[in-house]
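Below you'll find the structure, written out as C-alpha cells, and then a few comments.
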C-alpha cells in the first residue's frame, strides 16, 4: 500500500473511532451549550437552539445520559450549559453524578429554552444562542459532531471556520475517497499493529462493557435479552444480541461510553460486537480479531461516506454489512487475497440487497431491533456466499461489482430518500 494512502487509512480510523457518551446528536447539542457557557462566562438565563431536521429527529425521543432520565433538545442544552465540560467533547457529560443531575433538572425547570428548525443547507447543523442579562454568546456546530465553526461573545468572533455550501456532513474530515473494499482488505493484511492496536482495543473494551451492562440491566425494550431468551445462545444469536444490548443501554440513559463509527455509537456497536463474538467462537487470536475489526470498521465508514453523516437511511444497515465483512474475513484466514476479496465483496452486496430499505426515524429504543436486523442481514449475506448463493447485478439496485453497488446505495440514501426524510420529520413533529 502506498505510504500516503496507508497514513490516510490510519487517520480515518483514529478520527472516526472515538469515545462518546450517549447518543451523539444530543451530546453534540450539550457540547455546543458547554462551549456557549465558557464563551458567556456564566450560566445562561435563557437559550435558543436552532437545529437541522435530522438533529431534531435524532434527539426528540432519546434519553440524554447524565441527566437522570431526561429526553430531548432542551434537556441536552440544559445539561451542557449547567454541568458540561467542553474539553471532553463527546464525553461532555461524563462527570455528571447525582448532584450534577439535580442541578441540570433544576436549571431546566427555571430556564426558557426555545427550539427552532434551522433553515440551513447543512444536514448536520446546530446553532445555540445563550443570554445572561445583556451578555450574549453564539455557538455553531456543523457537518459533524465536534466541528465548531463559529463562537461569538457579544457579536465578537472568538472562533471561526469556513463551511462548504450544501455540505454532506464529512467535510473537514480525512479524505474518504481513498477507501475501497480491495484497499481495506490490503490495509487489514499489512497494517502495523502499533498504528491501530490502541484504537481498536479501546473499541473492544468500551463496547463490550456497555453490551454486558445492557444484558444485566433493564433498558428500553431489552432487545438483547429477548433475542437470547427466545432463540438461544448460538453464536449467530449472541452476535445480534450483544450489539442490540449495547444499543438498549445506550439509547435508554446508560452513562457508559461507546466507541463510535461514522459519528454514531449504534454503528460503532454494530460494526464491532458481532465480529468480537465470532472471533471468540472461532478462538481467533487477538491480532486476527484486530484485523477483522479493521475490515468491519472501514467497510462501515466506506459505505457511509457517500450517504453522509445523517439521512433517512438507517446507518445500522451499513454497520451490519461491515460486521458481515469482518466475519467473512475471520472465516477466510488462509485464503489467497483474491478469494478473500470475493468472499467479502459478495457478503457486502448480498447484505445490501436484503436490508437497504430500513429508514432512520431518529434515535430511540427501537434502534436496538434495527441493529439486530442489520447484523442478521450481514450474516445472511456471508452464509449465502458460503453456500454458493448470491444476488447478481440487475437484481433491483444491485450492480455488477461491490463498488458500483455501494455507489448505488449512496445515491439512494443521500438523494433518493430526501423526501422520505422530510416526511419522517413531519410525522415525528406533528403526529407523534
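Numbering (this note's numbering), first residue to last: -11 to 420. Ideal placement from N, C-alpha and C gives every residue a C-beta, glycine not left out.
In this structure, residue 187 sits near residue 1, with a CB-CB distance shorter than 8 Å. Look at residue 207 here: in three-state DSSP terms it is coil, with no helix or strand label. With a cutoff of 8 Å on beta-carbon distance, residue 38 and residue 151 are scored as not near each other.
Taking a contact as a CB-CB distance under 8 Å, the pair residue 302 and residue 358 counts as one, their CB atoms being some 6 Å apart. Looking only at 33, 69, 49, 85, the smallest Cα-Cα distance to residue 121 is reached by 33. For a cut-off of 8 Å, the C-beta gap from residue 244 to residue 198 is around 4 Å, short enough to register as a contact.
DSSP places residue 346 outside both helix and strand once states are collapsed to three, so it counts as coil. Burial is judged here by how many other beta carbons sit within 10 angstroms of a residue's own beta carbon; residue 397 has at least 16 and is buried. If you check the CB distance, residue 222 and residue 356 do not come in under 8 Å.
In this structure, residue 336 sits away from residue 305, with a CB-CB distance that is not shorter than 8 Å. Looking from the CA of residue 406, the closest CA among 57, 96, 111, 27 belongs to 111. Annotation for residue 248: no beta strand (DSSP E) segment contains it, and DSSP assigns it neither H nor E. For residue 71, the closest C-alpha among the options 87, 58, 61 is that of 87.
Between residue 263 and residue 191, the C-beta gap is not smaller than 8 Å, which leaves the two residues out of contact. A distance below 8 Å separates the beta carbons of residue 35 and residue 65. For the pair residue 363 and residue 227, the CB atoms are nearer than the 8 Å cut-off. Comparing alpha-carbon positions, the option among 345, 366, 365 lying closest to residue 409 turns out to be 345. Residue state for residue 192 is assigned as helix, using DSSP reduced to three classes. The shortest CA-to-CA distance from residue 62 to any of 412, 14, 416, 272 is the one to 14. In terms of Cα proximity to residue 7, the closest of 401, 76, 259 is 76.
Counting C-beta pairs with one atom in each stretch, the segment 277 to 294 and the segment 309 to 326 have three or more that are closer than 8 Å, which means they touch.
As computed with DSSP, residue 136 is found in a beta bridge with 129. In this structure, residue 18 lies near residue 80, with their beta-carbon atoms less than 8 Å apart.
Partner residues in a beta bridge of residue 297, as assigned by DSSP, do not exist.
Membership of residue 315 in the alpha helix (DSSP H) is indicated by the continuous run 303 to 319. Within 10 angstroms of the beta-carbon of residue 419 lie fewer than 16 other beta-carbons, which makes it exposed. If only uninterrupted alpha helix (DSSP H) runs of at least 4 residues are considered, those enclosed by the segment -3 to 74 are 12 to 28, 41 to 47, 61 to 71. Your pair residue 318 and residue 258 does not check out as a contact, with CB atoms roughly 16 Å apart and the cut at 8 Å.
Cβ neighbours of residue 137 within its own chain (closer than 6 Å, five residues either side excluded): 128, 130, 149, 151. Excluding five sequence positions before and after residue 163, the CB atoms of its chain that fall closer than 8 Å to its own CB belong to -4, given in chain order.
Note on residue 126: 16 or more other CB atoms within 10 angstroms of its CB, so buried under the neighbour-count rule. CA-CA distance, residue 372 to residue 273, rounds to 26 Å. By DSSP's assignment, residue 145 forms a beta bridge with 140. Annotation: residue 231 is outside any beta strand (DSSP E); the continuous alpha helix (DSSP H) that includes it extends over 223 to 239. Around the C-beta of residue 107, fewer than 16 other C-beta atoms lie within 10 Å, and the residue is accordingly described as exposed.
Note on geometry: alpha-carbon atoms of residue 380 and residue 209 lie some 37 Å from one another.
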